[in-house]
Amino acid sequence: MSDEQHGGPCGEDSPQGDSAPGDSAERGLSELDLAVLALERRAFSGPGAKERAVRERLGMTPTRYYQLLGALLDDPRALAHDPVTVNRLRRIRDARRERR
2 MSDEQHGGPC
12 GEDSPQGDSA
22 PGDSAERGLS
32 ELDLAVLALE
42 RRAFSGPGAK
52 ERAVRERLGM
62 TPTRYYQLLG
72 ALLDDPRALA
82 HDPVTVNRLR
92 RIRDARRERR
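The sequence shown runs 2 to 101 under the working numbering.
Right, dumping it as structure tokens:
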């Protein structure tokens, strides 16, 4: 997905996880996609800490963040980049769907 599809450009000083410049182009994931996955790998303490990090680090609302994250969970490029995180989140999503 391009930055335009995410609702805006992502600056060079955005969090990029462990990827090197150019890696995202090879994988087809944008810098914003990589930043969302990197944020999802982190553990957060206390209520509101994750939402605060989303606003401060990515400059977007938590609602938009979760929309992007949901799309990434269905993207095979995201699975190839970070299978542990994507599979964990898919299991959580599937369990929630089954409970409904």
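The beta carbon of each residue, even a glycine, is placed where N, CA and C say it ideally should be.
Inter-residue spacing [alpha-carbon to alpha-carbon] between residue i and residue j
i: residue 35; j: residue 47; result: 24 Å
i: residue 18; j: residue 52; result: Residue confidence for residue 18 is low, a pLDDT of 43 falling below 50, so the modelled location carries little weight; the figure read from the coordinates is stated next. Using only the alpha carbons, I get a separation of about 18 Å.
i: residue 1; j: residue 101; result: Residue 1 is absent from the structure shown; the chain starts at 2 and stops at 101.
Opening and closing residue of the alpha helix (DSSP H) in which residue i lies
i: residue 71; result: 63-74
i: residue 30; result: It is not in any alpha helix (DSSP H) - residue 30 carries neither H nor E in the DSSP assignment.
i: residue 90; result: 84-100
i: residue 52; result: 50-54
8 Å Cβ cutoff met for residue i and residue j
i: residue 69; j: residue 37; result: yes
i: residue 94; j: residue 73; result: no
i: residue 29; j: residue 91; result: no
Rounded Cβ spacing between residue i and residue j (contact assumed at less than 8 Å)
i: residue 41; j: residue 86; result: 6 Å
i: residue 45; j: residue 39; result: The Cβ separation is near 13 Å, so there is no contact.
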